[in-house]
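Remarks on the structure that follows.
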Amino acid sequence: MTATGEAAGGAVTGDGTAPGRAEGPVAATDLLDTLGSAPGGQFGVTHAWTVGLCALFVLVTLAIAVRARRTTRGTVDFYAGGRGFSSAQNGLALTGDYLSAASFLGIAGMISLQGYDGFLYSIGFLMAWLLVLPMAQLVRNTGRFTMADLPAFRMRRMRVRLACTVSTVTVCVFYLVAQMVGAGALVAVLLGLHGGGTFLGMSADHARTGAIVLVGVLMIAYVMYGGMKAATWLQIIKAVLLLAVTGLLTVLVLALFSFDPRALLGEAAGASGHGRAFLEPGLRFGAEVPGDPARTLFNKLDLVSLGLALVLGTVALPHVLIRFYTVPDGRAARTSVNRAITMVGAFYLMTLALGFGAAALVGSERIAAMDPSGNTAVPMLAEELGRLFAGPVGASVLLALVSAVALATILAVVASLTLASSSSVAHDLFGHILMWGRPRESQEVGAARLSACVIGGVAVLLAVQVRDQNVAFLVGLAFAVAAAANLPVIVLTMFWRRFNTRGVEWGVYGGLSATLLLMLLSPVVSGRTDPVTGESLSVLPAWIDIQLFPMENPALLAVPVGFACAVVGSLLSPERDTARFTELRVRSLTGWGADRD
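Here the sequence shown is numbered in full-length UniProt numbering, starting from 1 and rising by one per residue.
Next comes the structure, spelled out in structure tokens:
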């Protein structure tokens, strides 16, 4: 998640039991009850503080977007921020892209409920960056603005750019819809409407719809007015706020236990209801089903598949890839990833204190009663810490601060996703296919702004239509598509001399099709029901059962399919261009010629 971590850019996990919930990275759709601790679900002091802080964030970032418009003239400015960001700034922006609201709330929530097993997600999200690091410099030295620039450097075929555009837009739209539905749910709670109340005559359903539309309008405004410059500063501000709030909560938790981690862990284990098992593996992952060895095996394979999607998908997320183009050279790109690893690592270490602190101070039972996925843990912890240190006023202020940061992170993530998809449509589809690679810069930037409107509008319409559904699986699907469709193209372009146009097409469309088909046939979509009530625990109604694939995460099968399709497609085509591959290798390793773009 996320990032997505959110990152991934942004992601958290569901518990595998809610309707349509995948055991994997999900968006903020599980945040419906995040602030559910407000009395009676009515609008009160805490909500007023939250709305005020959110409004302040929006006003500041809109001012930055308007200011960025004045210096955004050509394609380099719009797509890459003029390549003028330092490695420190880009490191913060990468951190902001990856750490979403779902990462902030969800991972700590999992730790508060599953203890050691919850922390495995933190390790998985952090490990993904060890693969991002060696790719950063190669990508920056080779490409210009989008993922399609990498294979297109070797294969000057329009079909290559079309395939990459299809994959990029698919990943981004899946991610966008999930984030926007989550934003609608979160805003309904911020306004105190989750308990059936009203605000200015609006019901919870109307508030969710209005919030989705508002988030859509804001993300379009950020991209249209400021392009990459506005999106980068938005991510920098969001990352600073997120790290600051997380650090504050961590210090307060540790202060209550005299900065003794052993005391914190002991109290958390005692309050969890699991005892010492809370601090050991086995509460969640690889669960054994007595008398069903097949189900036990698939549970273990599902965990491996989830890890594969998180680690490999992060490397190929479009909004992460385009971030490497905002710095002056490949060395700065590599340095920015090093800085991002440091900050992301610090964040995930702090989630340990937040998760175990929530278990110790709030109690796992209370957290699970509010939300079985644990996404209420951090807000409930903030409220408890505020009360302990500063009374009711402190509780209201700290809870509002956490809630405002959570909503701000959603805005930042959707802006980056919109920019990544609109850049691909404008640069690859319009600039190189429709205009045969000879558009004027003003035309291409105009197409990018129009694309942002269209993609944003489509995402809003889709999010409004599914606002009452659990679309958590869409983020897991986005990671899986990135790993199965994008990653084979990136890796084989860089390292295989025989790779060619047909290999790109087969790899993208094969990986994309395999991922979508396996997800459609998985228990996430149909075939999973409550054994007591018979109610559907999947996306489709209980009377529809098309489940053929027993796992919720398709990456374990889809990623090999994507690579196999790319390899077979290349071998079946006579196309070869050894000279271009040699030039690509020299450029990717040395940066020679990259300064001309």
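In this text, a Cβ means the ideal position worked out from N, Cα and C, and glycines have one as well.
Cβ contact check for the segment 283-300 and the segment 534-542: 3 or more pairs under 8 Å: Taking a contact to require three or more Cβ pairs closer than 8 Å, the segment 283-300 and the segment 534-542 do not qualify as touching.
Please report how far the alpha carbon of Phe257 lies from the alpha carbon of Phe581, in whole angstroms. Distance between the alpha carbons of Phe257 and Phe581: 58 Å.
Hey, could you find the ends of the alpha helix (DSSP H) Tyr225 is sitting in? Bounds of the alpha helix (DSSP H) holding Tyr225 are Ala204 to Leu256.
Do we get a CB-CB distance below 9 Å when we pair Leu301 with the residues of chain B? In summary, chain B is missing from the structure at hand, where a single protein chain is found.
Taking the alpha carbon of Val139 as the reference point, which residue from Leu252, Ala294, Pro281 and Ala332 has its own alpha carbon closest? Comparing Cα positions, the closest option is Ala332.
Can you tell me whether DSSP reads Thr529 as helix, strand or coil? Strand.
Which partner residues of residue 604 appear in the DSSP bridge assignment? Nothing in the structure corresponds to residue 604, since the chain is present only between 1 and 597.
Status (buried if at least 16 other CB within 10 Å, exposed otherwise) for Leu572: Of the other Cβ atoms in all chains shown, fewer than 16 fall within 10 Å of the Cβ of Leu572; this residue is therefore exposed.
Let me know if Glu444 comes out buried or exposed under the rule of 16 or more other beta-carbons within 10 Å of its beta-carbon. Per the 10 Å Cβ criterion, buried.
For Pro392, which three-state DSSP category applies? Here Pro392 sits in helix by DSSP.
Count the C-beta pairs between the segment 452-459 and the segment 204-211 that are closer than 8 Å, then say yes if the count reaches three, no if not. No contact exists between the segment 452-459 and the segment 204-211.
Status (buried if at least 16 other CB within 10 Å, exposed otherwise) for Pro255: Reading off the sequence, residue 255 comes out as Ala, not Pro. That one is exposed.
Can you name, in chain order, every residue of its own chain whose Cβ lies under 6 Å from the Cβ of Ala377, other than the five neighbours on each side? Take Ala377, set aside five residues on each side of it, and the residues of its chain with a beta-carbon closer than 6 Å to its own are Ala108, Gly109, Ser112, Ala358 and Ile367, in chain order.
Using a Cβ-Cβ cutoff of less than 7 Å, which residues in the same chain neighbour Val304 once the five nearest sequence positions on both sides are dropped? Taken in chain order, the residues that qualify are Leu556.
Let me know the alpha helix (DSSP H) ranges lying completely inside the segment 293-317, each 4 residues or longer, listed in chain order. Within the segment 293-317, the complete alpha helix (DSSP H) runs of at least 4 residues are 293-315.
Decide if Leu59 is buried, meaning its Cβ has at least 16 other Cβ atoms within 10 Å, or exposed. With fewer than 16 Cβ atoms within 10 Å of its Cβ, Leu59 is classed as exposed.
Between Leu301 and Phe563, what straight-line distance do the alpha-carbon atoms span, to the nearest angstrom? Between the alpha carbons of Leu301 and Phe563 lies a gap of roughly 19 Å.
Can you give the Cα-Cα distance for Gly355 and Gly115, rounded to whole angstroms? When rounded, the distance between both Cα atoms is 8 Å.
Below 6 Å CB to CB, which residues in the same chain sit around Gly143 once its five sequence neighbours on both sides are set aside? Cβ within range, chain order: Asp149 and Leu150.
For Leu381 versus Ala221, is the C-beta distance shorter than 9 Å? Result no, Cβ atoms of Leu381 and Ala221 do not sit closer than 9 Å.
Beta-carbon proximity of Met64 to Ile237, cut-off 9 Å: A small correction: the amino acid at residue 64 is Ile; Met does not occupy that position in the sequence shown. The beta carbons of Ile64 and Ile237 sit closer together than 9 Å.
Test item: CB-CB of Asn375 and Leu105 under 9 Å: Contact: yes.
Would you decide whether Trp233 is buried or exposed? Buried here means 16 or more other CB atoms lie within 10 Å of its CB. The residue in question, Trp233, is buried, as its Cβ has 16 or more Cβ neighbours within 10 Å.
Measure the alpha-carbon distance for Gln137 versus Arg334 and round it to whole angstroms. Roughly 5 Å between the two C-alpha positions.
Does Ala412 pass the burial test, meaning 16 or more other C-beta atoms within 10 Å, or should it be called exposed? By the neighbour-count criterion, in which a residue is buried when 16 or more other Cβ atoms sit within 10 angstroms of its Cβ, Ala412 is buried.
Just the Cα atoms here: how many angstroms apart are Gly227 and Thr95? Those two C-alpha atoms are separated by around 19 Å.
Taking only the alpha-carbon atoms, compute the straight-line gap between Ser588 and Phe153 and give it to the nearest angstrom. The alpha-carbon atoms of Ser588 and Phe153 are separated by roughly 11 Å.
From Asp260 to Met343, what distance separates their C-alpha atoms? Rounded to whole angstroms, Asp260 to Met343 spans 23 Å at the Cα level.
Check whether the Cβ atoms of Val177 and Ala459 sit closer than 9 Å, and answer yes or no. In contact: Val177 and Ala459 (Cβ atoms closer than 9 Å).
Residue ranges of each alpha helix (DSSP H) within the segment 45-88, 4 or longer: Within the segment 45-88, the complete alpha helix (DSSP H) runs of at least 4 residues are 45-70 and 75-80.
Compare the C-alpha of Arg161 against each of His427, Val532, Pro554 and Val475 and name the closest. Out of His427, Val532, Pro554 and Val475, His427 has the C-alpha closest to the C-alpha of Arg161.
Can you grab the Cα-Cα spacing for the pair Val327 / Leu450, in whole Å? Each residue's alpha carbon lies about 26 Å from the other.
Backbone CA spacing between Phe324 and Leu388 [nearest angstrom]: So the alpha carbons of these two residues sit roughly 43 Å apart.
Rounded Cβ spacing between Phe145 and Ser423 (contact assumed at less than 8 Å): Indeed, because the Cβ distance is near 6 Å, the residues count as touching under 8 Å.
Would you call the CB atoms of Ser522 and Pro554 closer than 9 Å? With respect to the 9 Å criterion, Ser522 and Pro554 are classified as neighbours on the basis of their beta carbons.
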